[in-house]
Amino acid sequence: MHIFYSKKIKSLFSYHKNPMVLGFDLAVYISVMFLIREVYFAQFNFITNGLFWSFTTLVVATVLMRIRGITWIEIGLCRPKNYRKTLLATVFIFAFTIISILIFQTFKEQLGLQIAPDMSNENASSKFGELAGNWQLFFAIIPFIWLQSMLEEMLDRGFLMNWIERALSSTWFATVAAVLIQASIFGFRHSYDLSERSITVGLIGLAMGIGYVCFGRNLWPLIIAHCLLNTMSMLDRV
């Protein structure tokens with residue numbers, strides 16, 4: 169199971185051997201991550217509010233990292249050492265995500281899951297405006313969608329997953345648990361219930377988490393794949 173175990177991450181957190189310290193960080197971070205979403209500025213659109221939530225959470229994460237002596241570069245926001253590996257990781261993450269969602273869509277009824285339908289397409293106009301046939305609007309908002317995609321990878325895979333992993337002692341079991349926990353939080357945060365949307369987004373988080381662990385813990389393959397997935401989702405609405 170060496171692929172899951174990270175000596176690099178262990179060494180980064182070696183100063184803080186008490187899991188309670190990182191557990192406190194997680195309690196603060198997760199509280200802010202959810203509570204900030206209770207703040208909504210009605211005079212601004214959904215994208216602006218979403219970026220406000222993410223940047224606020226980013227500030228909290230960055231402060232906690234500075235206190236612990238960790239930088240964003242150390243947890244993967246750096247230039248990839250191997251571009252071929254980066255491309256392979258991006259393709260894997262993208263393909264894994266699509267395949268897992270297709271499998272879920274195919275077998276959800278056979279599994280007998282009593283879940284609410286995904287209403288994200290029906291609610292899209294209230295979040296993004298009338299995108300149907302509106303390419304000008306699409307090109308106006310897509311850079312902000314990409315920025316949000318990048319922030320989510322930094323926060324959910326870069327910060328949250330590493331903190332959970334180390335709080336659980338950085339064994340291979342802790343890594344597996346961290347991948348699953350962050351994916352569950354990622355899915356729930358997008359829907360606040362057990363629904364088709366929360367499961368779909370959770371599968372995306374699972375693919376990103378696995379890709380992060382298996383391909384050298386660099387965030388850029390995740391960011392690129394996430395941007396591609398969100399671009400496809402937005403194109404489907406035009």
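169 is the number of the first residue of the sequence shown in our numbering; add one for each residue after it.
For each residue, glycine too, the CB sits at the ideal point set by N, CA and C.
As the structure is a prediction and not an experimental result, all values here were calculated from the model.
Measure the CB-CB distance between valine 196 and valine 227 and report whether it falls below 8 Å. As a working mapping, residue 196 is identified with position 28 in the sequence shown. As a working mapping, residue 227 is identified with position 59 in the sequence shown. Remark: C-beta atoms of valine 196 and valine 227 do not approach each other more closely than 8 Å.
Glycine 370 versus phenylalanine 356: straight-line alpha-carbon distance, rounded: One-based indexing of the sequence shown puts residue 370 at position 202. One-based indexing of the sequence shown puts residue 356 at position 188. Cα-Cα distance, rounded: 7 Å.
For serine 174, three-class secondary structure by DSSP: Within the sequence shown, the letter at position 6 stands for residue 174. With a pLDDT of 49 at serine 174, under the threshold of 50, the modelled position of this residue cannot be trusted; read the value that follows with caution. DSSP places serine 174 outside both helix and strand once states are collapsed to three, so it counts as coil.
Phenylalanine 214 versus glutamate 333: straight-line alpha-carbon distance, rounded: Here residue 214 refers to the residue found at position 46 when the sequence shown is read from its first residue. Here residue 333 refers to the residue found at position 165 when the sequence shown is read from its first residue. Rounded to whole angstroms, the separation of the alpha carbons of glutamate 333 and phenylalanine 214 is 32 Å.
In chain order, what residues of the same chain lie with their CB nearer than 8 Å to the CB of isoleucine 171, ignoring the 5 residues before and after it? Start at 1 with the first residue of the sequence shown, and residue 171 comes out as number 3. Because isoleucine 171 sits at a pLDDT of 45, beneath the cut-off of 50, its placement in the model cannot be relied upon, and the point is left open.
Out of Leu396, Leu387 and Phe306, point me to the one whose CA is closest to alanine 263's CA. Stepping through the sequence shown from its first residue, residue 263 is reached at position 95. A check of alpha carbon separations from alanine 263 across Leu396, Leu387 and Phe306 identifies Leu396 as the nearest.
Between glycine 326 and isoleucine 243, is the Cβ-Cβ spacing less than 8 Å? Here residue 326 refers to the residue found at position 158 when the sequence shown is read from its first residue. Here residue 243 refers to the residue found at position 75 when the sequence shown is read from its first residue. The answer is yes: Cβ separation under 8 Å.
DSSP state of serine 337 mapped onto helix, strand, coil: Position 169 of the sequence shown, counting from 1, holds the residue named residue 337. Correct three-state label for serine 337: coil.
Confirm, please, whether the CB-CB distance from methionine 329 to glutamine 411 is below 8 Å. As displayed, the chain neither begins before 169 nor continues past 406, which places residue 411 out of reach and without an answer.
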